[in-house]
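All residue numbers in the sequence shown are consecutive under the numbering used here, ending with 289. All residues carry an ideal CB built from backbone N, CA and C; glycine is no exception.
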Amino acid sequence: MNAQLGAIAFVVWRESVEALLVISILDSWLVAQVADPRRPRGFLWSGVAAGLAVASLLAVALTGLGDVLSDDAQQVYQTVTVLIAAALIIQMLVWMHRHARTMKRNLETALDAAVERRKLWGVFVLALIAVAREGSEMVIFLYGMLSAGAGGSLASGVVAALVGVGMTMLTYGLLRLAGKRMPWRLFFSITEVMLMFLAAALLMTGIDGLIDLGILPKLSRGLWNTSRVIPDGGAGGGFISALTGYRAQPNLMELIAYAAYWAAVLCLLYPRRPSSRTSTA
């Protein structure tokens, strides 16, 4: 499995684990709080199925639109999709940073309100939104990655996605066995860093696409050449390039975009908090 397909498997794994955690929170609450959880569970799993259907429709729409476009329009479409995928990864990371600690409490509060009003459709909607959100993000990520380079055919992408699903089920089983001993913060911190680099790789592919389309200038020729050390087209270097955005001969536009990306991401995820200084009279 090459680097592009490995990245696909990783994204499916990470996003699926998030979706399973949300479903697990909802299901655990129903078991603990509702005398007979069978009927509410039916609404829960119906919402999960509906969310998967929404994500599947989006996948069909993205693929169908790409197939009917001309070659030039398809290049623009794929470049835009890659950039959207990079932006969505960052948006997801920022959202998780701001809401991860309160996500469980917010979900349980919404379930409380739905059950108290005897509106089990609220359970359905919560599950639908959670799964559709994760699934739709995943679809855009995967389409963007397949558009980003030599990731193989659609069939190979599907195989990589299935590998990611298998990894998800294995991971979820291990996490359930580990229970409270599982260092969730460490798990999400490590995968967060990997996703930041993956978004950088997608951004660089998008920048290269904009340069090829004549929308952005190169601003310079290659500023340096590290091909003898790590060629970005070889086996090892290609893997690093696909997962981090590494370029052996970057031009000035690529360098500016890469530096600006990391500056923006670090400011968004780790904003500087104002120091509380007590003023003396």
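Counting only unbroken stretches of 3 or more residues, no beta strand (DSSP E) element lies wholly within the stretch 188-254. The DSSP-derived three-state label of Leu-77 is coil.
Judged by pairs of C-beta atoms under 8 Å, the stretch 16-31 touches the stretch 169-185, as three or more such pairs exist. Counting the other Cβ atoms within 10 Å of the Cβ of Met-177 gives fewer than 16, which makes it exposed. Distances from the CA of Ala-272 to each of Asp-75, Gly-59, Val-102 were compared; the closest alpha carbon is that of Val-102.
No Cβ-Cβ contact shorter than 8 Å links Val-166 with Leu-70. In this structure, Phe-51 is the residue among Ala-57, Ile-98, Ser-32, Phe-51 with its C-alpha nearest to the C-alpha of Gly-130. Proximity to Leu-251 across Pro-48, Ala-94, Gln-86, Glu-26 peaks at Ala-94, based on C-alpha coordinates.
By the criterion of a C-beta distance shorter than 7 Å, Leu-136 is surrounded in its chain by Gly-55, Ala-58, Gly-59, once the five residues flanking it on both sides are discounted. Residues of the same chain with a CB within less than 6 Å of the CB of Ala-207, apart from the 5 flanking positions on each side, are Ala-94, Ile-97, Ile-98 in chain order.
A distance of 8 Å or more separates the beta carbons of Ala-67 and Glu-142. Taking a 10 Å sphere around the C-beta of Trp-37, we find 16 or more other C-beta atoms and assign the residue as buried.
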